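Heads up: the structure comes next, in structure tokens.
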Amino acid sequence: PVVGPTRVARAPPTMIFGAKGDDTAGAKLAAIVCAPRGVDPTAIAAICADDVVYEDLASGKFEGPAAVAAYFTTKYPASCRVVADRTGGDASAGGFTWHREAADEPGVAGLRGTTYCRFDNSGALVYAREGSEPILKPGEATEALLKAVTANVEVPTREETYTPRSPKGATDVAKYLWEEAYPQGAPPAVALELFADDIRYEDFNYPKPFLGKAQVKEFVEAFDIPGIEFVPLEISGGSDACVFTWLVKVNGNDGPQGISFYGADASGKINFIRDIPATTPAP
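Using this note's numbering, you'd call the opening residue of the sequence shown number 2 and step up by one each time.
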């Protein structure tokens, strides 16, 4: 179906793109992908660099403006609209969360997703990764599988060599956690200190979001599994919100890739997370 497996009526999003002065990379791409009359594949191709790479975690990799335009023609027909919910990043890299609607049913949200994008110095799109909501929600099964495949891994003594800090803002928190604290032995409690009390955490492998610190604590601790390593690939700038891509290593081997969106509140704490893992390693 055009708008995905689940269609629900929702109020208009409270955080929408296009705010005055929003010159982030996410807003730039969203302005074209989320055009009121639908996606224009030729407009997408026009902003692409000759060597652009566009990854869809659900279907594959597309290289060059013509291939990207063909992808958008197929995935986003005239009967479909893409609506941006929130944008983030800096001038060169960022992204946006979104949902799809049928053109004849505005306000009825379907498939949800997140897109990361990076532009070069000339303003051309050179790389993007798109992740969308899977039809199946294998969250608990994924947790059980990961624990099973790492069951024989010798659990090393956690050496906490990280430097405790209290970064503020989406990018600073993301970089601290994934490039500094976790690789140097920090427990999940370190992340929880940087999350807002009213955090909303969406992992699209699960049917419902995790709301508030208590639910998020249980979730992140469940995935603190020896043998599982989360490797950030590209992290955008952005104080209010940032987007980043990542890879999971399982027992040292490349596993699923994914995309995340972090949003921060006025105090600089993270109050919104959306994770979209690919269900299988990217081809």
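Using N, Cα and C, we set each Cβ at its ideal position, and we do this for glycine too. Quick caveat, the model's predicted, so the values are computed rather than measured.
DSSP three-state call for D266: helix, strand or coil?
If DSSP states are grouped into helix, strand and coil, D266 belongs with coil.
Quick check: the Cα distance between A267 and D241, rounded to an integer number of angstroms?
Between the alpha carbons of A267 and D241 lies a distance of about 8 Å.
A190 versus E219 - alpha carbon distance
Roughly 11 Å between the two C-alpha positions.
Can you tell me whether DSSP reads T116 as helix, strand or coil?
For T116, the secondary structure class from DSSP, reduced to helix, strand or coil, is strand.
Range of the contiguous beta strand (DSSP E) that encloses K209
Unbroken run through K209: none, as it is neither H nor E.
Sheet register partners of I277 (DSSP bridge):
I277 is bridged by DSSP to I260.
Just to confirm, is the Cβ distance from G186 to E160 under 7 Å?
Contact annotation: G186 and E160 have beta-carbon atoms nearer than 7 Å.
Exposure of S60, with buried meaning 16 or more beta-carbon neighbours within 10 Å:
When all chains shown are included, S60 counts as exposed.
Excluding five sequence neighbours on each side, which residues of the same chain lie with their C-beta closer than 8 Å to the C-beta of C81?
Within its own chain, the residues whose Cβ lies closer than 8 Å to the Cβ of C81, once the five positions on either side in sequence are excluded, are V3, V4, G39, V40, R101, E102, A103 and A104, listed in chain order.
Provide the residue span of the alpha helix (DSSP H) that contains I33, from first to last.
I33 -> alpha helix (DSSP H) spans A26 to V34.
Buried versus exposed call for K29 [16 or more other C-beta atoms within 10 Å across all chains shown]:
It is buried - the Cβ of K29 has at least 16 other Cβ atoms within 10 Å.
As assigned by DSSP and simplified to three states, the class of E181:
It is helical.
Going by DSSP in three states, Y77 sits in which element: helix, strand or coil?
Here Y77 sits in coil by DSSP.
Under 7 Å, do F211 and E134 count as touching if we go by C-beta distance?
Contact: no.
N- and C-terminal bounds of the alpha helix (DSSP H) containing I48:
Note, I48: premise wrong, no alpha helix (DSSP H); not H, not E.
On the three-state DSSP scale, how would you describe K169?
Coil, per DSSP.
Where does the unbroken beta strand (DSSP E) through L193 begin, and where does it stop?
It is not in any beta strand (DSSP E) - L193 instead sits in the alpha helix (DSSP H) that spans P189 to L193.
Extent of the continuous beta strand (DSSP E) to which L137 belongs
Counting along the chain, L137 falls outside any beta strand (DSSP E), and DSSP gives it neither H nor E.
In terms of DSSP beta bridges, what is N254 paired with?
According to DSSP, N254 shares a beta bridge with V251.
Quick one: what's got a C-beta closer than 7 Å to D24's C-beta in the same chain, skipping five residues either side?
Counting only Cβ-Cβ distances below 7 Å, and skipping sequence neighbours, we find A92.
Can the beta-carbon of A182 be found closer than 7 Å to that of Y207?
No.
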